[in-house]
Amino acid sequence: AQSVTQPDIHITVSEGASLELRCNYSYGATPYLFWYVQSPGQGLQLLLKYFSGDTLVQGIKGFEAEFKRSQSSFNLRKPSVHWSDAAEYFCAVEGPPTGGFKTIFGAGTRLFVKA
Amino acid sequence: DVKVTQSSRYLVKRTGEKVFLECVQDMDHENMFWYRQDPGLGLRLIYFSYDVKMKEKGDIPEGYSVSREKKERFSLILESASTNQTSMYLCASRGNSLRNFGPGTRLTVT
């Protein structure tokens, strides 16, 4: 069955420290991969996406993610976290165009940033 | 930028009431979606629509219906609201394989 797992329910990092949020997926083929961020009381904003090509993708707000096919992972990273990065982060996968309506979202990882 | 708007940010309704949640997008996208978001469960797809008057059930359609009479508007209907439908509801439209989300409606059913 198709699934997305974000193993960490919440993570706390110090401001200025590096960040890695984990995402593992189970899918029959290489899916499209996404990371979204949701600030409190807001909708979801797309941080970055992977469709094909270079496995290291750059996103907005200084985030990047690396697709590793062998590990079925798409982990999100940021070298230096800012207090404004405190939010909930969702990993999502979507099938190739023929199955593109069924995006599957992970349960989310809440990021806390301490001064 | 694509804009997806939802009619209410917060809504409080009583059990048994009929509830309408409205979503409007301004990018002429054919595909629109309704999700509910609950802690620890991520986003779950309720219904989606790939064209006017076309709709498909998502993963949790029970207790909900939808209406898409115009391309830009996708409505979610709770025929008889129940307390287990208290949740955050997110609307999205899709273009170029990218989903654009509205700000969400936090619905409380008492």
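Heads up: the sequence lines are chains P and R, in that order. With our numbering applied, the first sequence has no gaps in its numbers, which climb one by one up to 109 at the end. With our numbering applied, the second sequence has no gaps in its numbers, which climb one by one up to 316 at the end. Every residue, glycine too, gets a C-beta built ideally from N, C-alpha and C.
{"Item": "6 Å CB neighbourhood of residue 222/R in its chain, flanking five on each side removed", "Value": "286"}
{"Item": "Delimiting residues of the beta strand (DSSP E) encompassing residue 235/R", "Value": "Premise fails: residue 235/R is in no beta strand (DSSP E) and is neither H nor E."}
{"Item": "Cα-Cα separation, residue 50/P to residue 232/R", "Value": "32 Å"}
{"Item": "Where residue 40/P meets chain R, residues with beta-carbon distance less than 9 Å", "Value": "304, 305, 306, 307"}
{"Item": "Chain-ordered neighbours of residue 246/R on chain P, where CB pairs are closer than 9 Å", "Value": "3, 101, 102"}
{"Item": "Reference residue 266/R; option with closest CA among 280/R, 274/R, 295/R", "Value": "295/R"}
{"Item": "Any C-beta of chain R under 8 Å from that of residue 26/P", "Value": "yes"}
{"Item": "DSSP bridge partner residues for residue 51/P (one or two, in chain order)", "Value": "59/P"}
{"Item": "With 16 other Cβ atoms within 10 Å as the buried cut-off, status of residue 77/P", "Value": "exposed"}
{"Item": "Close beta carbons around residue 66/P, own chain, < 8 Å, minus the five adjacent residues each side", "Value": "18, 19, 20, 21"}
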